[in-house]
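Worksheet: one structure, shown below.
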Amino acid sequence: MNALRILALLGGTVGLGIMIQILVLTSPAQPVFQYGARWFQEPATGEFSFYLRFVALGVPTTALLAVGFWQFPGGLEKLKRLSSLRILLPLLASTAVGATTFWVLQSSVVTDDEYVYLFQAALLALGKASYPAPPLGEFFVNVFVVMHDGRWLGQYPPGHPLLLAPFAMVGIPRLLPIVLAGLNASISFAVLRHVFGSTWAWLGTALLLLSPLFIFTGSTLLSHSTAYLALALGILFFFRWSKEPRAALSLGGGLALGFLFATRPYTGLILGGLVALYWAVCIIKQKRLFDLVTLVLGGGVFVLFFLFYNQQATGDAFTTGYQAIRGAGQVELGFGPVAPGIEHTFAQGLRNVALLCVRFLIWGLSPVLMLLSPLLILAAVLSRQSRVPEVRLSAILVVGGMLSYIAYWSMGVMDTGPVKTYELLLPGMILALAGLRFARDRFGSRSVLAASLASCLVATSVLFPFQTRHLRALTDVIQAPHREVAKTVEPPAIVFVEGMQRPPYESWVFGRPNPSPDLQDPILFVRDAGAQNQVFLEAHPGRRGYRLSLTANQPVVLPLQNRRR
């Protein structure tokens, strides 16, 4: 190791220490996240400052470390030895998500959506999409869970609850994200190997597992991991079909893209629709019309399933739970008033997309951001790499997926990263690897490996501790009422919940756990209705009554007297 590399390594180490000190150790636990009525449309206070410091300090630090790492012989050829150990990748993915689920998130929800998915999974485990509204149903109305025409239902599509149902039945719903992480890593490796070969697939999948967005969002019970699985399968079937056209592959691709629609309809229409359209054009060019029929039939299976689910849930195949709960008057897609004091405009949509792009590069592709991934991706698109159909499709998906949010007012909850971009991680990684191959051709494989190691070290040393600190603090707040209930309440019981938090809001969890449809839970969490609580208690004899309220934003659980008439 010559003197220049020693100095570079020392300088990079000092730079990394400065980054950790400034961005992790001395920053508040929640510097770039906030909650409020306009939060979905605006960057949080201090968010851009954090990003600017991360990039301004990270780029020179990564460059110095890359020069220091240049000593390692062999370059990317070293990774060939690991290609036979690809089973490690899904194991590492599942292990990382499992550790995040149980240690960082403390098995807690981070949004009300997860409570809804658990409720809908419980319904599906009973073979139902909705349940007859129980007596005194107003006590069970919750965030995104309501009584509609005598039916008790949640607002979301059936795809993700369908996968969650068997895990919920045996009491281990938190196992689903762990399983999905391993499956998604395996399928991602298969997709990347098809495009770039085993060595590059190893590098790309490893970089994916170092993405804070992939790990943290993938550890929740949100539907994005399921949607990722469906889209990745659809892409894999298409890539294999492009090499060896067969009707069975187009049928499999149609089923995967249809399941994506049944999981996240908007994502299915945009990303799934782009894959299907690109595939259909290729089919027509090759005059394999039977493959087009099987592609459409495969997708149609889950479209029909989606409509059937709607019929069972709301009583109308073309009325989703989302529409039943929100009502026809609320604008979600398009421009105009969204809520009192909030209006979505085209200019706001452009700002949303710009911010989503920045967030995606930081939290999604941070292991390659320090390699100036936007420049590498642009270089790949402008070079001969853009003539590779798989790279071209990936560019269409990333650009189309981002631009589709111009008409959508909300950028989504940000606690585990920009969740609305989760499904773009795989096409984004394909573009990033295309850029790295371009760099390899210009500067050699040793430079790419050294820069990749340096980039991963910087990103993981800063972003993972930073996000872990925030999520631990967040889940402590979310879990506080439940810990108080566990300490105070003696089952069988009913807990009347006044509210889970008051302004200034500290999390995006405003609701409470939903009861199982048969109301057999040891502890029933229901809405506090004041004087009417006694009526509910008398309707459920044998249960003790408690009231969960907030005093100075601290949870307090007090027993109630069950007075019989």
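Numbering (the numbering used here), first residue to last: 30 to 594. The C-beta atom is built at its ideal place from N, Cα and C for all residues, glycine as well. These figures come from a predicted structure and were not determined experimentally.
Excluding the 5 residues preceding and the 5 following residue 451 in the sequence, name in chain order all residues of the same chain whose CB lies nearer than 7 Å to its CB. The beta carbon of residue 451 sits closer than 7 Å to those of 242, 246, 253 and 257, all from its chain and outside the five residues before and after it, given in chain order.
Using the C-alpha atoms, what's the distance from residue 188 back to residue 326? Residue 326 and residue 188: Cα-Cα distance of roughly 18 Å.
Between which two residues does the beta strand (DSSP E) harbouring residue 440 extend? Annotation for residue 440: no beta strand (DSSP E) segment contains it, and DSSP assigns it neither H nor E.
Since residue 161 sits in a beta bridge, which residues does DSSP pair it with? In DSSP, residue 161 forms a bridge with 180.
Taking contact to mean 3 or more Cβ pairs, one atom from each stretch, closer than 8 Å, check whether the segment 334-342 and the segment 184-204 are in contact. Yes: the two stretches touch, three or more of their Cβ pairs being nearer than 8 Å.
Should residue 543 be labelled buried (16 or more other beta-carbon atoms within 10 Å of its own) or exposed? So residue 543 ends up on the buried side.
Quick check on the burial criterion: 16 or more other C-beta atoms within 10 angstroms. Buried or exposed for residue 471? Looking at its Cβ environment, which holds fewer than 16 other Cβ atoms inside 10 Å, residue 471 is exposed.
Exposed or buried, which one is residue 31 when buried takes at least 16 other CB atoms within 10 Å? Exposure of residue 31 is indicated by the presence of fewer than 16 other C-beta atoms within 10 angstroms of its C-beta.
Those runs of the alpha helix (DSSP H) which lie wholly inside the segment 360-394 and span at least 4 residues: Within the segment 360-394, the complete alpha helix (DSSP H) runs of at least 4 residues are 375-388.
Who pairs with residue 346 in a beta bridge, going by DSSP? Paired residue(s): none; residue 346 is not in a bridge.
Measuring CB to CB, does residue 586 end up less than 9 Å from residue 576? Closer than 9 Å, so yes.
With distances taken from CA atoms, which of 558, 489, 469 and 374 is nearest residue 434? Of the candidates 558, 489, 469 and 374, the one whose C-alpha sits nearest the C-alpha of residue 434 is 374.
With distances taken from CA atoms, which of 581, 555 and 295 is nearest residue 522? With distances taken between Cα atoms, residue 522 lies closest to 555.
Touch test, the segment 430-447 against the segment 476-483, Cβ-Cβ under 8 Å, three pairs minimum: No contact exists between the segment 430-447 and the segment 476-483.
If distances are taken between C-alpha atoms only, which option among 501, 342 and 431 comes closest to residue 153? Here the closest residue by C-alpha is 342.
From the DSSP output, read off the bridge partner residues of residue 575. According to DSSP, residue 575 bridges with 524 and 588.
Kindly indicate which three-state DSSP category residue 292 falls into: helix, strand or coil? In the three-state DSSP reduction, residue 292 falls in the helix class (H, G or I).
Do you know how far the Cα of residue 284 is from the Cα of residue 271? Whole-angstrom Cα-Cα distance: 17 Å.
Whose C-beta lies closer than 7 Å to the C-beta of residue 495 among residues of the same chain, with five residues either side of it excluded? Taken in chain order, the residues that qualify are 52 and 53.
What's the C-alpha gap between residue 196 and residue 206? Here the C-alpha atom of residue 196 lies approximately 10 Å from the C-alpha atom of residue 206.
If contacts are defined as beta-carbon pairs under 8 Å, then residue 38 and residue 94 qualify, I think. What distance do you get, rounded to the angstrom? The beta-carbon distance between residue 38 and residue 94, rounded to whole angstroms, is 7 Å. This is short enough to meet the 8 Å contact definition.
Measure the alpha-carbon distance for residue 582 versus residue 531 and round it to whole angstroms. For residue 582 and residue 531, the distance between alpha carbons rounds to 6 Å.
With distances taken Cα to Cα, identify the nearest neighbour of residue 163 among 151, 584, 546 and 425. The shortest Cα separation from residue 163 among 151, 584, 546 and 425 belongs to 546.
Contact set for residue 593: own chain, Cβ-Cβ below 6 Å, skip 5 residues either direction: Caution is warranted here: a pLDDT of 46 is assigned to residue 593, below 50, making its placement in the model unreliable, and no coordinate value can be reported.
Given residue 97, which residues of its chain have a CB within under 7 Å of its CB, disregarding the five upstream and five downstream residues? If we look at residue 97 and ignore the five residues flanking it on each side, its Cβ neighbours are 34, 37, 38 and 41.
Just curious, the alpha helix (DSSP H) that residue 555 is in, first and last residue? Residue 555 -> not in any alpha helix (DSSP H); beta strand (DSSP E) instead, spanning 552-556.
Span of the alpha helix (DSSP H) around residue 516: That run of the alpha helix (DSSP H) goes 474-517.
With a Cβ-Cβ cutoff of 9 Å, do residue 174 and residue 536 count as a contact? For the 9 Å CB-CB criterion, residue 174 and residue 536 do not form a contact.
Relative to the C-alpha of residue 46, which candidate in 79, 503, 90 and 80 has its C-alpha closest? Shortest Cα-Cα distance from residue 46 to any of 79, 503, 90 and 80 involves 90.
Reduced DSSP secondary structure (H/G/I, E/B, other) of residue 530: Coil at residue 530, not helix or strand.
On the criterion of 16 or more Cβ atoms from any shown chain inside 10 Å, does residue 261 qualify as buried, or is it exposed? Buried, because 16 or more other Cβ atoms sit within 10 Å of the Cβ of residue 261.
By Cβ distance below 6 Å, which residues in the same chain neighbour residue 388 in space, the five residues on each side in sequence not counted? Here the set comprises 447.
Cα-Cα separation between residue 596 and residue 122, rounded to whole angstroms: Lying before the first or after the last residue shown, residue 596 is absent from the chain, which here runs from 30 to 594.
What residues match up with residue 171 in a beta bridge as DSSP calls it? Per DSSP, the beta-bridge partners of residue 171 are 174.
Where the alpha helix (DSSP H) through residue 93 begins and ends: Residue 93 -> alpha helix (DSSP H) spans 76-98.
Presumed contact (8 Å Cβ cut-off) between residue 553 and residue 524, rounded CB distance: About 7 Å separates the two Cβ atoms, so the contact holds.
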